[in-house]
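Report on one structure; see the data block that follows.
There are 4 protein chains.
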Amino acid sequence: MVARSEQSRQAILKATMDLLDERNPEALSVRKLSIEKIAQEAGVSKTTIYRWWSSKAEVVLDTILDNHLARTPVRTDLPALDALREHLASLATVYAGWEGRLMAQLIGECQSDPEAMRIFHERFFEPRSRTAIAIVERAVEEGTLGSDIDVETVTETLYAPLYFRLLLHIGEIDRAFTDALIDSALLGIAPGSAPAARDH
Amino acid sequence: MVARSEQSRQAILKATMDLLDERNPEALSVRKLSIEKIAQEAGVSKTTIYRWWSSKAEVVLDTILDNHLARTPVRTDLPALDALREHLASLATVYAGWEGRLMAQLIGECQSDPEAMRIFHERFFEPRSRTAIAIVERAVEEGTLGSDIDVETVTETLYAPLYFRLLLHIGEIDRAFTDALIDSALLGIAPGSAPAARDH
Amino acid sequence: MVARSEQSRQAILKATMDLLDERNPEALSVRKLSIEKIAQEAGVSKTTIYRWWSSKAEVVLDTILDNHLARTPVRTDLPALDALREHLASLATVYAGWEGRLMAQLIGECQSDPEAMRIFHERFFEPRSRTAIAIVERAVEEGTLGSDIDVETVTETLYAPLYFRLLLHIGEIDRAFTDALIDSALLGIAPGSAPAARDH
Amino acid sequence: MVARSEQSRQAILKATMDLLDERNPEALSVRKLSIEKIAQEAGVSKTTIYRWWSSKAEVVLDTILDNHLARTPVRTDLPALDALREHLASLATVYAGWEGRLMAQLIGECQSDPEAMRIFHERFFEPRSRTAIAIVERAVEEGTLGSDIDVETVTETLYAPLYFRLLLHIGEIDRAFTDALIDSALLGIAPGSAPAARDH
DNA sequence: CGATAAACGAGACGGTACGTCTGGTCTTGTG
DNA sequence: CACAAGACCAGACGTACCGTCTCGTTTATCG
């Protein structure tokens, strides 16, 4: 009879983001964030949070994902290979900062919370994956990638190193890195494959 | 003056492994594992655990890593490219089972525990990384990989998809997958980098 | 908004009393009593105890005092000197048993817990002291005690030996003792203050 | 074969006193004092303390009592009633300060440690009690106290209020108080007993 | 327009685990 | 062989959150 309070929902998401935002001097890790603190910060009762989300991880998912997807769009106004390059670069830019650390922590939390992992897939991985595969397919159609490649494996191979660095805390995450990934993949690593591919 | 009790140390590591081992019907996730339970299972006091480890994550690191490294050795009796292929395949085999889930949870925990991440690097990532880079270098020397490749990037590119699948819970982790990774990398993805370019 | 659970309160006080009651074969001293055990025995969480009491001593105070005051009332239906005699005798009776040992332990605990001592004064000593002084005043009014005595000092002098025996674990605590106290005080100890001086 | 180290014994007693002495800014209550801290302060191992004493209370007893008895001697160069008055006054002086608080805490500890209480009796209460009774007996012999008094009860009555104030944290502990005790006891409290006794 | 039912804040509750502290015992050299 | 050093088991401490559960108290339709 009484509709869900949009005001509470917003307050909860905002409180969560504020508590996680590293620009806030008292920011918390996802681990140290608690439903109790969110409720307090949002001026909302715990009951209200539990009514609409079933765990901390899900609140964090809701808080982070829409924002993240909006910030790393795929461009449709460019040739596919360039769009791919731009997309990887934009991901690198975002992941290099505090949102990257957040995403890493979120994926970390999902490792021991199957329901959160399910939502992560549904809300993040699957749409993103479809989008990425679509660009690679378009690049094949445009003739800038070989027609005999296994699109899904190649897509995975291009994005994986980004998440590898993000989750294993190695090296830089920047455009130089993502560009190198694409270039390296284009050439292949077999001896002699380079020169041939290179001149055209 | 009084030496550390090796007996206690072993009991703690064994208890931790038993509590995490999914073949045990009452197994726990890394998240639900607690210092308290380890102490109880090991017949040891909490003090003794805290004396030698500073967090649950570090106990788990100690428990898992040595065992894992021992189970996924790099073969030196094979040509480098074959050794690489075998190593990726052995990783896939291990990561496909409960030890993979454990490793994923462990990396997950490290996301919000910088000290644990530091130890993970020191104990796992860096030795492993050096070993992997060494095989790739050997393959270059043996002439089975191109001499102009960026060894470090290529190595990362070969291993990353394995961890991507492990941590994002996508697809199968098996030899078919790791073999495909190597084959795909060898060929490259540019149009025309196909068989013709490869042979001679 | 949610009222305190009277049920929990009662369960905690009862559990405390049960654990301290020497008729219980596994009874504990106040020292060995712990919040943890009370919580367990009462089927209540530690949080609930800490929510309403700030230390073990305060729980014990709450448990003992009301009961004790109820068991050693001052009679108003007797002449004041007789009421005083009866009150001392009833204290002796109670203090001779396990409740006496409890009271002694409680006072013992308060020696190193100023807040508990403050509560002991507020809840026990001050009301009791006022009551006792009032009887002595009434006895003066009734003419059974001298009109020139210092009421407060005399009251203290009459009750002190009871606590002396209780706390220093000396001698018997019984009616013979308390009657002797009153008789001795009545007579005085100066030579010649004997019967001759008293009558007329 | 190796004799008890008198040096260790002294170091332990001194450390205990230092840790309890309120003139030391970091002084501890008897409760917060621990064998561990004494060992540390004395530069001695816990084992050594446990070898010679069986609890914290006993160490404290050893530390305090000799000193205390030496500081509150009974004078033999005065008429007994004056010696009694002086003794009570000297006790009041000592008990008014930090040694009083210590003694109170010590007696408090003994409430839940029968062995400590036994030692307290043996080392403190019994000798002290015999001494006190002896003065009162001497006063009777000298004719300054009535010959018909019950010496033990009277002695107890005179000293009890001091300990009452000490242990219940009431009122002042000073010479005015102890003098009032003796005067009040001398006169008695029965109506009319005062005038008769007073003039002679 | 007043009834009513959901959503809400507040927060008490039984729990689990935390990381710290002490107590008292046991072990291993050293002098 | 007394001792120091200190590791060890045991278990209580007080705190933080968990997720559940009343409680009134809004508040927004719907009869």
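Keeping their order, the protein sequence lines are chains A, B, C and D. Remember, my numbering sits 5 above the position in the first sequence when you count from 1. Remember, my numbering sits 5 above the position in the second sequence when you count from 1. Remember, my numbering sits 5 above the position in the third sequence when you count from 1. Remember, my numbering sits 5 above the position in the fourth sequence when you count from 1. Quick reminder that beta carbons are idealized off the backbone N, C-alpha and C, glycines included.
Sub-8 Å separation of residue 183 of chain A and residue 189 of chain B beta-carbons: no
Proximity test, Cβ basis, 8 Å: residue 105 of chain C and chain D: Interface annotation, residue 105 of chain C: not in contact with chain D, CB-CB separation never under 8 Å.
Outcome for residue 55 of chain B when other beta-carbon atoms lying within 10 angstroms are tallied against a minimum of 16: The residue is exposed, with fewer than 16 neighbouring Cβ atoms inside 10 Å.
Spatial distance of residue 116 of chain C from residue 137 of chain C (CA atoms): If I take the Cα positions, the gap works out to 23 Å.
Environment of residue 77 of chain D [buried if 16+ CB atoms lie within 10 Å]: buried
8 Å contact criterion, which residue 28 of chain B and residue 97 of chain B should meet: CB distance rounded: So it is not a contact: roughly 20 Å between Cβ atoms.
Candidates C/48, C/108, C/149, C/102: closest to residue 36 of chain C by CA position: C/108
Contact list for the region 60-76 of chain A against chain B, Cβ threshold 8 Å: Cβ contacts with chain B: none found.
Neighbour list for residue 196 of chain D in chain C, Cβ cutoff strictly below 8 Å: 148, 149, 150, 151, 152
Where residue 178 of chain A sits in the DSSP three-state scheme: coil
Assigned secondary structure, residue 29 of chain D (DSSP; H/G/I helix, E/B strand, else coil): coil
8 Å Cβ shell around residue 68 of chain B - same chain, five flanking residues per side excluded: Counting only residues of its own chain and dropping the five nearest sequence neighbours on each side, residue 68 of chain B has a CB closer than 8 Å to the CB of 18, 21, 22, 25.
Nonlocal neighbours in the same chain, by C-beta distance under 8 Å from residue 176 of chain A, ignoring five residues either side: 170, 182
Distance cut-off 7 Å: residue 25 of chain D Cβ against heavy atoms of the ligand MG: This structure lacks the ligand MG; in fact it carries no ligand of any kind.
Min CB distance residue 158 of chain D to chain C below 8 Å: yes
Chain A contact residues for residue 122 of chain B, given Cβ-Cβ distances below 9 Å: 173, 174
Under 8 Å between C-beta atoms of residue 151 of chain D and residue 195 of chain C: Contact: yes.
Positions along the region 16-50 of chain C whose CB lies within less than 9 Å of some CB in chain D: 34, 35, 36, 37
Residue range of the unbroken alpha helix (DSSP H) whose run includes residue 42 of chain C: 40-47
Alpha carbon of residue 1 of chain A to alpha carbon of residue 114 of chain B, nearest angstrom: The shown model of chain A, from 6 to 205, leaves out residue 1 of chain A, and the question about it has no answer.
Stretch-stretch touch, CB-based, cutoff 8 Å, three pairs: the region 45-55 of chain B with the region 81-96 of chain B: no
Separation of residue 11 of chain D from residue 118 of chain C, as counted between CA atoms: 35 Å
Identity of the residue in A/72, A/34, A/146 nearest residue 84 of chain A by Cα: A/146
Bounding residues of the alpha helix (DSSP H) (the contiguous stretch that carries residue 110 of chain D): 103-115
Residue 166 of chain B classed as buried or exposed, judged by whether at least 16 other C-beta atoms fall within 10 angstroms: It is buried - the Cβ of residue 166 of chain B has at least 16 other Cβ atoms within 10 Å.
Residue 134 of chain B: first and last residue of the uninterrupted alpha helix (DSSP H) it sits in: 131-147
Cβ-Cβ distance between residue 86 of chain A and residue 16 of chain A below 8 Å: no
Residue from A/64, A/134, A/139 with nearest C-alpha to residue 121 of chain A: Restricting attention to A/64, A/134, A/139, the CA atom closest to the CA of residue 121 of chain A is found in A/64.
Residue nearest to residue 79 of chain C in terms of C-alpha spacing, selected from C/178, C/61, C/132: C/132
Distance between residue 139 of chain D and residue 30 of chain D (C-alpha atoms, nearest Å): Cα to Cα, the separation comes out at about 40 Å.
Range of the contiguous alpha helix (DSSP H) that encloses residue 163 of chain A: 156-173
C-beta contact flag for residue 90 of chain A and residue 178 of chain A at 8 Å: no
Option in D/125, D/124, D/70 with minimal Cα separation from residue 99 of chain D: D/70
C-alpha gap between residue 1 of chain A and residue 149 of chain A, whole angstroms: For residue 1 of chain A there is no data in the structure shown, the boundaries of chain A being 6 and 205.
Backbone CA spacing between residue 9 of chain C and residue 127 of chain C [nearest angstrom]: 23 Å
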